[in-house]
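Undergrad:
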Amino acid sequence: MGILKNSLALLIFIGYSSTIAQTVSAKVIDKKTNTPIPYATIQIAENQGVVTNEEGSFSIPLDKISTTDSIYISSMGYEKIGIAVKNSIDSLIFIQPKAIELNSVFISNKNLTIDEIIDQVDENLEKNYRSDLSKNKLFFRETNTSFIKKMAIDFKKSTIEEIDKKLVDSITKVIPRNSVFYAEALCNFYGNVDKQKLHVIKGARLYDKNNNGSMESIFKKMERIFRDNVKPDSYLKIRSGLFSQKVQVDSILTANEDAADFVEGMDDGKENFFFRTRKMNLKNIFEETFFQSGSKLNVIRNSGRYNFENLDYTILNDVGVYVIKFTPKRRGDFKGTLYVNTQDYAVMRIDYQNVKRLRSFNLLGISFEENGYRGTSIFAKGSDGKYGIKFIEKVTENKFGIDRPLSIIEKNKHVKGKRKQNQVSMRLDVISYAKNKYEVIVFDTKNITQQEYAESTENKNVKSTYLSRYDPEFWKGYTIIEPNTAIKQFTIPEGEIPSQ
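Numbered according to the working numbering, the sequence shown spans residues 552 to 1051.
1. Considering Cα atoms alone, identify which of Gly-628, Ala-591 and Glu-606 is closest to Ile-622.
2. Going by DSSP, name the residue or residues bridged to Gln-599.
3. According to DSSP, Val-874 sits in a beta bridge with which residue or residues?
4. Tell me whether the stretch 660 to 676 and the stretch 891 to 900 touch, counting them as touching only if at least three CB pairs, one residue from each stretch, are closer than 8 Å.
5. Give the straight-line distance between the Cα atoms of Phe-1053 and Gly-845, rounded to the nearest whole angstrom.
6. Grouping DSSP H, G and I as helix and E and B as strand, with all else coil, what is Phe-842?
7. What span of residues does the beta strand (DSSP E) with Ala-1005 cover, start to end?
8. Terminal residues of the continuous beta strand (DSSP E) containing Ala-897?
9. Evaluate contact between the stretch 974 to 994 and the stretch 938 to 947, counting only Cβ atoms and requiring at least three cross-stretch pairs below 8 Å.
10. Can you give me the C-alpha to C-alpha distance between Leu-787 and Phe-706, rounded to a whole angstrom?
11. From which residue to which residue does the alpha helix (DSSP H) around Gln-1040 run?
12. Considering only residues of the same chain and omitting the five flanking positions on each side of Ile-982, which have a CB-CB separation below 6 Å?
13. So the alpha helix (DSSP H) Val-975 belongs to, where does it begin and stop?
14. Rounded to the nearest angstrom, what separates Phe-1025 and Asn-913 at their Cα positions?
15. On a Cα-Cα basis, can you pick out the residue from Phe-885, Asn-743, Ile-959 and Ala-577 that is closest to Gly-926?
16. Report back the beta-carbon spacing between Asn-743 and Asp-683 to the nearest angstrom; my notes put them in contact at under 8 Å.
17. Quick one: using the 10 Å Cβ neighbour count with 16 as the cut-off for buried, is Met-831 buried or exposed?
18. For the beta strand (DSSP E) containing Gln-647, name the first residue and the last one.
19. Measuring CB atoms only, is the stretch 724 to 735 touching the stretch 750 to 761, in the sense that at least three cross pairs come out at less than 8 Å?
20. Taking the beta carbon of Gly-633 as the centre, do at least 16 other beta carbons fall within 10 Å, making it buried, or is it exposed?
21. Buried or exposed, going by whether 16 or more other CB atoms sit within 10 Å of the CB of Arg-882?
22. Just grab the DSSP bridge partners of Met-702 for me.
23. In the DSSP assignment, find the beta strand (DSSP E) that holds Lys-748 and state where it starts and stops.
24. Do Phe-841 and Ile-665 come within 9 Å of each other at the CB atom, strictly closer than that value?
25. For the 8 Å Cβ check, are there 3 or more pairs between the stretch 683 to 694 and the stretch 955 to 967?
26. As a quick exercise: from Leu-643, Val-872 and Asn-679, pick the residue whose alpha carbon is nearest that of Leu-936.
27. Taking the straight line between their C-alpha atoms, what separation do you get for Ile-588 and Asp-581?
28. Give me the Cβ distance between Leu-909 and Lys-847, rounded to the nearest whole Å; I'm assuming they're in contact under 8 Å.
29. So, for Asp-902: in the same chain, excluding its five sequence neighbours on each side, which residues have a beta-carbon less than 7 Å away from its beta-carbon?
30. Quick one: Cα of Phe-825 to Cα of Tyr-873, how far?
31. DSSP on Arg-827, reduced to helix/strand/coil?
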């Protein structure tokens, strides 16, 4: 059975590789357990390479390895192997678990306690991690999955004839209950944690445009109804329970136009939606690395909230590391594992997962819960002796709910008699869940001067490419994180592909 499975996998990979002849694609496998190895490092040259995805797969453009004799594959706790480029690279690459010799790993004669090790990690944070201005060439993939568990709009009354229960029910039905969205970008990211600039080299969005087309038709219909029934010099009073807000009608119509732009990806304007969200999300990801002040992942800076246990020693990127398990005390939020360099006390990798809800509130019918926060971060030492991000995978899971009355009242002070012109009243009861996955791999980092940062440019109106299905040709010739099976299999059913 094992031989059959390996043969089938090999045939699949050969078939896949033949479709993208200019790219080497393979999967790294544990030789003992026959299971894929996620986050293994594929080194092309010094400080250059890729990381396998969560399924153990990677791909490299041939032109990236044409100038080197071999590529090297390593992963924590495994033998490092070299593969000659002149030979064909197998689609399945097996690596052997490494027997750890404590004398070769634990070079220091110091017999430190676990508390002393953590203190050393804390004391060396500023020295070990890069905080100066830098230029990072990176690939960023974002996966958003949403699910609406409950969507109830209870229509109460309307003085506008076209806004009735039938329209509200149709809106409820057309809003997609399940949706998935992928965004990918190859970028140059300039700056540090305090200031950033982004230049997108190439980007793509992969999603079902039919869902957004349905939403766009709603926006257009509501805009027409407003234009036909509401006076331009009116203002709207939006009231929900105890709260109310006064908004001019022209601003509502403008917002409606903006919403339609949002559906189309905000490809026009001074700063499009694709660019803005790439920059914002990258900024947030880098700010949440464990060594940044104020990060949720405060395992070291607030070490008093955690219990630590030195489990073992292993090899990571040819250096010895402590394998340290952390679990929360009463005020801690996470559990996981730290991999700490035995020589300079840098955390070279952290795996983490929250053990309790991180945030929640429920106020006057609006609720939010931050239920999931987990991931893996890997750091690499640069030529300047400082560590920077090599790879990040981060997954968040949130729940949002609203159960409130909603009234929209048109008023106009220029009309004789009553100011109140129209009113629409309903009650919203919505519960939705969202899962966001972020993957970042940094291919190259170099320190830059203040002048170089000032001279770097952003392309805020860069166009991303819409894809209705995964296209292996799109990233041909570029180094990226290999997509997982879900992305490769994403497609809109035949006959439902919208015009682009």
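The C-beta atom is built at its ideal place from N, Cα and C for all residues, glycine as well. Model, not experiment: these values are computed from the prediction.
TA: Result, derived from the coordinates:
1. Ala-591
2. DSSP lists Ala-596 as partners of Gln-599.
3. Answer by DSSP bridge pairing, in chain order: Asp-863 and Tyr-890.
4. yes
5. Only positions 552 to 1051 of the chain appear in this structure, which leaves residue 1053 out of reach.
6. coil
7. Per DSSP, Ala-1005 belongs to no beta strand (DSSP E); it is in the alpha helix (DSSP H), 1001 to 1006.
8. Where Ala-897 is concerned, there is no enclosing beta strand (DSSP E), given that its DSSP letter is neither H nor E.
9. They touch, by the three-pair rule.
10. 19 Å
11. 1036 to 1040
12. Lys-700, Lys-701 and Gly-952
13. In the DSSP annotation of this structure, Val-975 is not part of any alpha helix (DSSP H); the continuous beta strand (DSSP E) holding it starts and ends at 971 to 998.
14. 44 Å
15. Phe-885
16. 6 Å
17. exposed
18. Looking at the DSSP string, Gln-647 is not in any beta strand (DSSP E), and its letter there is neither H nor E.
19. A contact exists between the stretch 724 to 735 and the stretch 750 to 761.
20. exposed
21. exposed
22. Val-981
23. 747 to 758
24. Taking C-beta atoms as the reference points, Ile-665 and Phe-841 fail to come closer than 9 Å.
25. no
26. The sequence shown places Gly at residue 936, not Leu. Minimum Cα distance to Gly-936 is reached at Asn-679.
27. 6 Å
28. 7 Å
29. Gly-887, Thr-888 and Thr-927
30. 41 Å
31. helix
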